[in-house]
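Notes follow once the structure below has been shown.
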Amino acid sequence: MFDWKEEYHSICNAPVELIDVSSLDSDHPAIQFNKYWRSLAVSQTPDRKAFKPQDVAALLRWVMMFRQVKETAGKAYFLYLQGDSASELTGGLLQGQFLQDFTSDECFASRFAIFEKVLSEGVPSFATISVGAKKSEFVVDISLGAFPFVCDGGEPEVVMVPSPNSLELRRYL
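Residue numbers (our numbering): 47 to 219.
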């Protein structure tokens with residue numbers, strides 16, 4: 047049986063690079079979530095209350111939900127919900143931790159920049175991560191979408207949807 051944690055490094059240990067959404071296949075979970083997000087965002091960034099998990103049940107295993115938190119030192123992003131497949135890609139369940147607690151400097155900076163970008167622009171961004179295998183030189187490309195949500199009376203949120211570009215790998219996770 048295939049086990050991501052046995053074969054590949056965590057996506058948390060590799061920086062992300064912005065890509066154009068057109069480079070992803072139509073079945074990629076980030077593309078599917080993008081369709082849903084756009085249905086909620088009629089003319090503006092959707093409110094988190096509009097997000098109904100049952101509407102995207104098949105995608106929930108890929109979802110990582112972050113809440114922006116104001117701290118003395120500035121903004122931070124708290125991961126409060128993580129799907130099973132996303133948990134595999136990160137090397138374990140990271141729910142209940144801050145982004146800076148499970149990413150290194152360069153990796154943190156690249157993710158923080160994307161979160162800030164989507165929240166300031168109010169539209170999704172897409173990125174890629176190259177993850178190395180533990181026992182070979184093989185590299186897997188993981189693409190993700192980052193989707194902003196506003197919260198009435200609360201801190202903004204970012205939903206991140208990472209998934210391998212390979213359909214075969216997606217089937218195993």
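Backbone N, C-alpha and C define an ideal beta-carbon position, used for all residues, glycine too.
Proximity winner among the options, relative to residue i (alpha-carbon distances)
i: Gln-143; options: Glu-162, Pro-170, Ile-160, Gln-114; result: Gln-114
i: Lys-163; options: Glu-53, Cys-197, Glu-203; result: Glu-203
i: Lys-116; options: Lys-51, Ser-212, His-55, Gly-200; result: Gly-200
i: Phe-172; options: Arg-216, Leu-140, Val-207, Phe-195; result: Val-207
i: Pro-19; options: Leu-190, Leu-213, Pro-210; result: Residue 19 is absent from the structure shown; the chain starts at 47 and stops at 219.
i: Glu-52; options: Leu-165, Gly-138, Leu-70; result: Gly-138
i: Ile-160; options: Pro-61, Ser-85, Tyr-126, Ile-57; result: Pro-61
i: Ile-57; options: Ala-122, Arg-217, Pro-210; result: Pro-210
i: Phe-124; options: Ser-69, Leu-135, Gln-141; result: Gln-141
i: Ser-85; options: Leu-165, Phe-193, Ser-156, Thr-136; result: Phe-193
i: Thr-174; options: Glu-167, Ser-166, Ile-188, Leu-165; result: Ile-188
i: Gly-178; options: Ala-96, Lys-121, Leu-135; result: Leu-135
Assumed close pair residue i, residue j - CB separation to whole angstroms, cut-off 8 Å
i: Leu-219; j: Ser-131; result: 4 Å
i: Pro-92; j: Trp-83; result: 7 Å
i: Val-205; j: Val-67; result: At roughly 15 Å, the Cβ-Cβ gap does not stay under 8 Å, so Val-205 and Val-67 are not in contact.
i: Val-196; j: Arg-94; result: 7 Å
Residue i - partner residues in DSSP beta bridges
i: Phe-195; result: Glu-203
i: Lys-95; result: Partner(s): none; Lys-95 has no beta bridge.
i: Ser-189; result: Thr-174, Ser-209
i: Ala-179; result: Tyr-54
i: Ile-65; result: Phe-172
Residue i at chain C interface by Cβ criterion, 9 Å
i: Trp-108; result: The displayed structure is made up of one protein chain only, and chain C is not part of it.
Inspect the CB distances between the segment 93–109 and the segment 137–153 and report whether three or more fall short of 8 Å.
-> no
If you pair each beta-carbon of the segment 103–122 with each one of the segment 176–189, do three or more pairs fall below 8 Å?
-> no
What are the uninterrupted segments assigned as alpha helix (DSSP H) that are 4 or more residues long and contained completely in the segment 79–149, given in chain order?
-> 130–135, 145–148
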